[in-house]
Every structure is written in structure tokens, then in C-alpha cells.
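Here's the structure we're looking at; comments come further down.
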Amino acid sequence: MGEQRVSKLTNKKAMQRFMKSLLNDTKALEFMLENDWFESDKKRLGAEQEMALVNEQNLKPATIATEVLDKMKKFPWVETELAKFNLETNLTPREIKGKCFSELHKENFDKLVKIQEYLDKFKAKIVLTGILPTIRKHHLTMDNLTPKKRYFALMQAINEQLIGNTYELRIVGIDELIVKHDSPLLEASNTSFQVHLQVAPKDFVKYYNVAQTLAAPCMAIASNSPIVFGKRLWHESRIAMFQQSLDTRSSHEHMRERSPRVSFGVDWLKESIMEIYTEDIARFRPLINSDIEEDSLDLIKKGKVPKLRALQVHNSTVYRWNRPCYGISDNGKPHLRIENRVLPAGPTVMDEIANAAFWIGCMEGMVDTYDDIRNHLQFIDVRDNFGKAARFGIDSTFTWMGDQKRGACELVLEELIPLARKGLKKCKVNTKDINKYLGVIEARAKEHTNGARWQLRSYSNLLNQTNHDEALSVLTQAIINNQKDDQPVHTWKLAELKDLDNYQPMDMKVEELMTTDLFTVQKDDILDFVLDLIKWKKLNFIPVEDTKGKLSGIITPQNIFNANLKANKSSRKKIVSVSDIMDTKPVTIDTQATVLEAMKLMQNRKSGYILVVQKNDLVGIITERDFLQISSRLMERM
Numbered sequence: 001m002g003e004q005r006v007s008k009l010t011n012k013k014a015m016q017r018f019m020k021s022l023l024n025d026t027k028a029l030e031f032m033l034e035n036d037w038f039e040s041d042k043k044r045l046g047a048e049q050e051m052a053l054v055n056e057q058n059l060k061p062a063t064i065a066t067e068v069l070d071k072m073k074k075f076p077w078v079e080t081e082l083a084k085f086n087l088e089t090n091l092t093p094r095e096i097k098g099k100c101f102s103e104l105h106k107e108n109f110d111k112l113v114k115i116q117e118y119l120d121k122f123k124a125k126i127v128l129t130g131i132l133p134t135i136r137k138h139h140l141t142m143d144n145l146t147p148k149k150r151y152f153a154l155m156q157a158i159n160e161q162l163i164g165n166t167y168e169l170r171i172v173g174i175d176e177l178i179v180k181h182d183s184p185l186l187e188a189s190n191t192s193f194q195v196h197l198q199v200a201p202k203d204f205v206k207y208y209n210v211a212q213t214l215a216a217p218c219m220a221i222a223s224n225s226p227i228v229f230g231k232r233l234w235h236e237s238r239i240a241m242f243q244q245s246l247d248t249r250s251s252h253e254h255m256r257e258r259s260p261r262v263s264f265g266v267d268w269l270k271e272s273i274m275e276i277y278t279e280d281i282a283r284f285r286p287l288i289n290s291d292i293e294e295d296s297l298d299l300i301k302k303g304k305v306p307k308l309r310a311l312q313v314h315n316s317t318v319y320r321w322n323r324p325c326y327g328i329s330d331n332g333k334p335h336l337r338i339e340n341r342v343l344p345a346g347p348t349v350m351d352e353i354a355n356a357a358f359w360i361g362c363m364e365g366m367v368d369t370y371d372d373i374r375n376h377l378q379f380i381d382v383r384d385n386f387g388k389a390a391r392f393g394i395d396s397t398f399t400w401m402g403d404q405k406r407g408a409c410e411l412v413l414e415e416l417i418p419l420a421r422k423g424l425k426k427c428k429v430n431t432k433d434i435n436k437y438l439g440v441i442e443a444r445a446k447e448h449t450n451g452a453r454w455q456l457r458s459y460s461n462l463l464n465q466t467n468h469d470e471a472l473s474v475l476t477q478a479i480i481n482n483q484k485d486d487q488p489v490h491t492w493k494l495a496e497l498k499d500l501d502n503y504q505p506m507d508m509k510v511e512e513l514m515t516t517d518l519f520t521v522q523k524d525d526i527l528d529f530v531l532d533l534i535k536w537k538k539l540n541f542i543p544v545e546d547t548k549g550k551l552s553g554i555i556t557p558q559n560i561f562n563a564n565l566k567a568n569k570s571s572r573k574k575i576v577s578v579s580d581i582m583d584t585k586p587v588t589i590d591t592q593a594t595v596l597e598a599m600k601l602m603q604n605r606k607s608g609y610i611l612v613v614q615k616n617d618l619v620g621i622i623t624e625r626d627f628l629q630i631s632s633r634l635m636e637r638m
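Just so we're aligned, residue 1 is where the sequence shown starts under the working numbering, counting upward by one.
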């Protein structure tokens, strides 16, 4: 969950003090590693569950996390996350043996049930998914940042590192998303199920390299984040969303390389965990300070284990998909963990525990089988596989051992499940648990279905029947309904309109209804082109914009009728341009107005359209047809 007692580094002295503590922590860690201070005889599993909260009525983000936590003060395992519509739970670390996975499953499910009991009082629901389908850009403003010192400090510090003027999202999948944003809170759209594996220091290098190797196939079989702002993008769009939301870099004429704070890495780990920590200190300036009271080197001299708070604070602001972690066990000994940040939340707790069992089993089985994975694969192929898995998920084809090309499902079924089974047996995990959770992964691969595939297929089908907003609402409601039963996603039927009992679109924003794929003309275009465009695309209204996308006016049927009437009365043949006939005072509305406000405006102005603008930029259009579609769907539900 991260160290909370932090603040922004505001001056040179504070930066210098923090850097001194940070460098001392690295020396202390190196000393402890060289002198065998670490716990090495235990293998433990831990996890963190992130979740989205939605309003029961409209299935949009519910910004109630702080109020909910006020009611849940007696439960220390539930905490805030970055945004007001997210919560996170810490699950109990346990040794990897016996019924550890079914015990983790029960604990997680029970804690979610307990949270839901409190959410019921706020008329809200939990949604387990990598990216909430109904989340929109306007939900990710600084107004929805959780009011905690750590989060404000982090957001301000990242903003100060920004080289350009804005953050940009550019993701292309089935659809395309190109949008600017003014804060790094876009990160809050992501929710994950983070799994921790404790390993002995002497084995850290080979385990970490195997974790890098497994990131792609594990993500492929588990992907569950294909929809962002109503756009069908990557199967695991969290990868792009997270990197780009915190990417402070900007393009330049020169080709100097700058590393993003969110990354997969650039090479294999070679000698020690120290390589990761020193690399991150060398590449990334500290963003936040911590109220550090300990002198880690002084504690080492006294034979005491330091908390290494400066190192942990800095590590929490560099987002590797496989992140190294330092901690202190209940017995007072320090330990090392690998945190897998690749796995998305959901679709059910059953799916999440299956993903965890598969990853840990593969980790143990692959280390046991290959020892040093660097002798079998090139890092460049592993990194390439990671990018493919994020984009194509279960449809990916990977470069594998011996330069083979292996489809994700084939690789999982033929090689990785047997390895996972071997690894879990080596750890003496209960056979029933092994069969249960690896059985979920096997069925997913055989059915060629995971959360991302289910969402994409359901959403595409729904778009043939209704508007984007209702389709996203239906999708979200279907996820909630299915996760209650905790049946794995490969058994789900596709979402249907009847899954949503109560659709109330009047409080949704104009930007959630508007059409953004516009055909426009410019002032100097001729009337003949306008007439052909109307015929080709069956349009009633055509916006007029300048070369920069600024709104200039609109062409309506009445404008065309008047132009034709005038031309018939004239004996001269004149080329008529758009500027001669357009309406220069079109009906407009802001993106953040509600649909009900738009309906009233259209009624008052007796208009068949409304142009949607943001700072005079033309961004969309709403027509009578859109409102008729909403009305017909509401009547059908009644």
C-alpha cells in the first residue's frame, strides 16, 4: 500500500538529506546481503487486491472510498488507493504449501463480502476488472484524488517532472484513443491483483529473470482490461495506460534516450537485486520525501535490522512490472520478494487465485527445470513478448525456447501448465488445490477465453443493439452479477441487454452520448461537395470547422433549402461556398453538461442537433436520433 508518512521534496536541503538516507540504505542492504542476514528457509505468498467502486444506480465510479473507510476503521486490512473510487486490501502472507491457495481464496472473497456490506449502505458495488468499463476521462481529474498527503505529494512531484505541457494517451487496438490530460491521475483507472513471492537472496537473480520471462504468457492468459473510455484497445490496456499516464517525457529533435518510470526493464538481472535498486536511483530522481528517523548504517553497526524507509519510498515511485521488494518478517528477519504487478483485477476471485497459482507454480517449475533462463532465451525476445501480450492477450504468438513461435494457448497447455504442476508439487501444495486452480487456466486456454475476450465480444455485440453508454453499463452490471457467483470467466455467457435492470441515462454527461466520428466541412468548400457528402453519408447536419478544429458554424437542411431557393431565383450561375450559407451561431453545449440539460436546450432552441464543444474545439455532435434511441430503450425496459 505504500509508505504514507511522506511529503514533497521542497528544497535543496530536504533533497540532500533524503539522498543521503537513500544511499545509506543501499549500503546497508548490500551489507546485509553479503553477510547473510536474510530469511532464506521460507517461501511465502502474499497479495494485494485493488477494486473499483461504482454507484448502484448508474454504474459509474462512486467517489466514496474515504467515507466507507471511516465506517471500517476497525478493519486494518482495507486501505485507500489513489482515487476516491478505489479501495485496496492486504491479504495475509502465508507459506506456499498445503491449502495456501484455497485459504487465500477464502480470505479474499470474505473480505470483499465484508466491504460490500458497508458499500450497501452507500448504494454502491465492487467491480473486479483491470479497467472499469464505465470510467471516463472526466472521472480522472484531481477532484477525485484521495485526500491524503502522500497522493498530493506524488501527483505534484510527477507534474513538476513533466517536460511537455500535458500527458498524452495514444493507444490503438480495434478502436483508437488519442487524448490529452492535465494530470497523472489517469493512473487511477487501473486496478490489479498484485501477487508477491518471497525468495532467498541467493536465488533472487534466477527467480527475477524467470518472472520477466513469464510476464508475457501469464498476462496473455489473464488479460482483463480491453476497454478504455468506450474504446476497444489492447487486451491488457493497463500496460499502456499506466506507462503513459506517468510518462513525463516529451519528443525532441535529438534522439537522447529517457527512461519512463513505468517499465519492463532493459536487460536481464546478472548478479544481485542491488542492480535494480542502483539502476533506479541512477536513472530517476526522488519524487517524495519521508520522515526518516532511523540511520540504517548505525543500526547495522548495532546488529539491528533497518526498515530502509528511504529505499522503500523511492522504490514505490519507480514502477517495474516485476518489482523487487524488501520487508521484515514477523520473526524480525529481513526478506526479499518479487511483486508481480502484471495481473489485472478480476474477473472473479476464483480467476485471480488461479492466476496466482499458475504464476507461482510456473516460477518454481521453470527455475527447477531451466535454472538460468538466460541460457535459453534472449532478453529482447522476452521484452517483445511482453509488448505482444499487452496488445493481443490470449491471441498472442510468442518467441520461445529455441526461437520457436508459440501461440499463447498452445504454450500454456503444452508447456506451462505441466511446469506449474511440477512447481506446486515441489512446494507440497495440496493436490486438490493444484487441480482446481490450474484447471481454471487449462479451461481458459482450451476455450480460448479470458476476461478481455469476454468483454470485447460482449461489448461488440451490445454496440449492435444500443448506444455506447448503455453497452458499457450492461457490461459492468454483467461483471458484477457474475463475480457474485465466483464462477470463472470461461463459463460466463456473453453480456446481454437484459442483464441491466435499470438504465437511467439522464444524469450521464454529454460526452458519454455524443458522436465523435464527425464529417465536417470548411468555409471555403463548395455547396456541391456538401450535397454529395449529405448523400454519401446520409447526414442531416454538417458542422463547419477551421483547419485547427475550431468551430465555425453548421450547415442545416434549412440552409441548403434557402441556398437552392436563392439560386433558382437568380439567372446567374455562381459557385456557392459554405461560408455563403452556413449558420454562424450554432446550438452548442459543453462536454460536461448532462444529457437532460442537452435535451432541454434542444427543446428550447427547437433544434434537431447540438454541437459539443470544449474551449471552442469541436469535439462531437448530438442529434434528435440519439435522444430517440435513448427514449425507445427506456420504453422497452418499462
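Don't be surprised by glycine CBs; every beta carbon is placed ideally from N, CA and C.
> Closest by CA to A408, which one among N289, T584, I534, M219?
Replying inline: Start at 1 with the first residue of the sequence shown, and residue 408 comes out as number 408. Of the listed residues, the one whose Cα sits closest to A408 is M219.
> Which one or two residues does DSSP pair with Q49 in a beta bridge?
Replying inline: Here residue 49 refers to the residue found at position 49 of the sequence shown. Per DSSP, T89, F193.
> Can you tell me whether L596 is buried or exposed, with buried defined as 16 or more other CB within 10 angstroms of its CB?
Replying inline: Here residue 596 refers to the residue found at position 596 when the sequence shown is read from its first residue. Counting Cβ neighbours within 10 Å, L596 comes out exposed, since fewer than 16 surround it.
> For the putative contact between I46 and P76, defined by C-beta atoms under 8 Å, what is the C-beta separation to the nearest angstrom?
Replying inline: Your numbering for residue 46 matches position 46 in the sequence shown. Your numbering for residue 76 matches position 76 in the sequence shown. Note on residue identity: the sequence assigns Gly, not Ile, to residue 46. 15 Å between Cβ atoms; not a contact.
> Hey, quick one: how far does the alpha helix (DSSP H) through A282 stretch, first residue to last?
Replying inline: Here the question's residue 282 lines up with position 282 in the sequence shown. Taken as a continuous stretch (DSSP letters only), the alpha helix (DSSP H) holding A282 covers 274 to 283.
> Among I64, Q116, K446, which one has its Cα closest to the Cα of K484?
Replying inline: Numbered from its first residue, the sequence shown carries residue 484 at position 484. Out of I64, Q116, K446, Q116 has the C-alpha closest to the C-alpha of K484.
>> Helix, strand or coil, according to DSSP, for Q629 in the structure here?
In response: As a working mapping, residue 629 is identified with position 629 in the sequence shown. Here Q629 sits in helix by DSSP.
> Can you tell which of I480, K106, M241 has its C-alpha closest to the C-alpha of H181?
Replying inline: Numbered from its first residue, the sequence shown carries residue 181 at position 181. Of the listed residues, the one whose Cα sits closest to H181 is M241.
>> Given this structure, state the Cα-to-Cα distance separating V205 from K550, to the nearest angstrom.
In response: Looking up residue 205 in the sequence shown gives position 205. Looking up residue 550 in the sequence shown gives position 550. Rounded to whole angstroms, V205 to K550 spans 55 Å at the Cα level.
>> Counting C-beta neighbours from all protein chains within 10 Å, is the total for R605 16 or more, i.e. buried, or is it exposed?
In response: Your numbering for residue 605 matches position 605 in the sequence shown. The residue is exposed, with fewer than 16 neighbouring Cβ atoms inside 10 Å.
> Buried or exposed: where does T141 fall if 16 or more other Cβ atoms within 10 Å of its Cβ makes it buried?
Replying inline: If you number the sequence shown from 1, residue 141 lands on position 141. Flag for T141 reads exposed.
> Between M350 and the rest of its own chain, which residues show a CB-CB distance below 6 Å, the 5 nearest in sequence each way excluded?
Replying inline: Along the sequence shown, read from residue 1 onward, the residue named residue 350 stands at position 350. Once the five neighbours on either side are set aside, the close Cβ partners of M350 are D486, P488.
>> For S251, which residues in the same chain have their Cβ closer than 6 Å to its Cβ, ignoring the five residues on either side in sequence?
In response: Position 251 of the sequence shown, counted from the start, is the residue given in the question as residue 251. Low confidence applies to S251: its pLDDT is 49, below 50, so where it sits in the model is not reliable, and the reading given next is rough at best. Here the set comprises nothing.
> Given a threshold of 16 other Cβ atoms within 10 Å of its Cβ, counted over all protein chains shown, does F398 qualify as buried or as exposed?
Replying inline: Residue numbering aside, residue 398 sits at position 398 when the sequence shown is read from its first letter. It is buried - the Cβ of F398 has at least 16 other Cβ atoms within 10 Å.
>> Rounding to the nearest angstrom, what Cα-Cα distance links M255 and Q378 in this structure?
In response: Along the sequence shown, one-based indexing puts residue 255 at 255. Along the sequence shown, one-based indexing puts residue 378 at 378. Summary for M255: the model assigns pLDDT 46, below 50, so the residue's position carries little reliability, and this model does not support an answer.
> Mind checking I380: buried by the 16 CB within 10 Å criterion, or exposed?
Replying inline: Sequence index remark: in the sequence shown, residue 380 carries index 380 (1-based). Burial call: exposed.
> Do you know whose CA, among G332, L59, V318, N86, lies nearest P306's CA?
Replying inline: In the sequence shown, the residue the question calls residue 306 occupies position 306. Out of G332, L59, V318, N86, G332 has the C-alpha closest to the C-alpha of P306.
> Can you give, in chain order, each stretch of the beta strand (DSSP E) that sits fully within the segment 148 to 220 and has at least 3 residues?
Replying inline: 167 to 172, 176 to 181, 193 to 199
> On the three-state DSSP scale, how would you describe T237?
Replying inline: Numbered from its first residue, the sequence shown carries residue 237 at position 237. Strictly speaking, residue 237 in this sequence is Ser, with Thr absent from that position. Three-state result, S237: coil.
>> I believe A563 touches I581 by the beta-carbon criterion, under 8 Å. Please report the beta-carbon distance rounded to the nearest angstrom.
In response: Translated into the one-based positions of the sequence shown, residue 563 becomes position 563. Translated into the one-based positions of the sequence shown, residue 581 becomes position 581. Right, their Cβ atoms sit about 4 Å apart.
> What does a CB cutoff of less than 8 Å around Q629 pick up in its chain, not counting 5 residues either side in sequence?
Replying inline: Position 629 of the sequence shown, counted from the first residue, corresponds to residue 629. The residues are T466, N467.
>> Excluding the 5 residues flanking F18 on each side, which residues of the same chain have their C-beta closer than 7 Å to its C-beta?
In response: If you number the sequence shown from 1, residue 18 lands on position 18. L9, P286, N289, A310.
>> Please identify the residue among N435, H314, Q198, C427 whose C-alpha is closest to the C-alpha of L338.
In response: Taking the first residue of the sequence shown as 1, we reach residue 338 at position 338. Going by the sequence as given, residue 338 is Ile instead of Leu. Closest by alpha carbon: Q198.
>> Distance check for A420 and I373, CA to CA, integer angstroms please.
In response: The residue labelled residue 373 in the question sits at position 373 within the sequence shown. The residue labelled residue 420 in the question sits at position 420 within the sequence shown. Between I373 and A420, the C-alpha separation is close to 16 Å.
> By how many angstroms is the C-alpha of N322 removed from the C-alpha of F649?
Replying inline: What is shown of the chain runs 1 to 638, which leaves residue 649 out entirely.
> Under 8 Å between the Cβ atoms of T134 and T476?
Replying inline: By one-based count along the sequence shown, residue 134 stands at place 134. By one-based count along the sequence shown, residue 476 stands at place 476. Yes.
> According to DSSP, which residues form a beta bridge with I555?
Replying inline: Along the sequence shown, one-based indexing puts residue 555 at 555. Looking at the DSSP assignment, I555 forms a beta bridge with I542.
> Any idea what DSSP makes of W321, helix, strand or coil?
Replying inline: Position 321 of the sequence shown holds residue 321. Correct three-state label for W321: coil.
> Which first and last residues belong to the beta strand (DSSP E) in which D590 is found?
Replying inline: On the sequence shown, position 590 is the one that residue 590 refers to. Looking at the DSSP string, the run of the beta strand (DSSP E) that includes D590 is 588 to 590.
>> Measuring CB atoms only, is the segment 75 to 91 touching the segment 22 to 41, in the sense that at least three cross pairs come out at less than 8 Å?
In response: no
>> Going by the DSSP bridge assignment, what does R17 pair with across the sheet?
In response: In the sequence shown, counting from the first residue as 1, residue 17 sits at position 17. The partner list for R17 (beta bridge, DSSP) is empty, contrary to what the question assumes.
> Residues bridged to Y503 by DSSP?
Replying inline: As a working mapping, residue 503 is identified with position 503 in the sequence shown. DSSP, once it has assigned bridges, lists no residue as partnering Y503.
> Which residues mark the beginning and the end of the beta strand (DSSP E) in which T520 is found?
Replying inline: Translated into positions along the sequence shown, residue 520 becomes position 520. Counting along the chain, T520 falls outside any beta strand (DSSP E), and DSSP gives it neither H nor E.
>> Let me make sure I understand the geometry here. Which of D41, D298, P61, E56 has the alpha-carbon closest to that of E95?
In response: By one-based count along the sequence shown, residue 95 stands at place 95. For E95, the nearest C-alpha among the options comes from D41.
> Do A390 and I239 come within 8 Å of each other at the CB atom, strictly closer than that value?
Replying inline: Numbered from 1 along the sequence shown, position 239 holds the residue referred to as residue 239. Numbered from 1 along the sequence shown, position 390 holds the residue referred to as residue 390. Yes; because the gap between Cβ atoms is below 8 Å, this pair is in contact.
>> How far does the alpha helix (DSSP H) with W454 in it extend, from its first residue to its last?
In response: Here residue 454 refers to the residue found at position 454 when the sequence shown is read from its first residue. Its alpha helix (DSSP H) spans residues 451 to 463.
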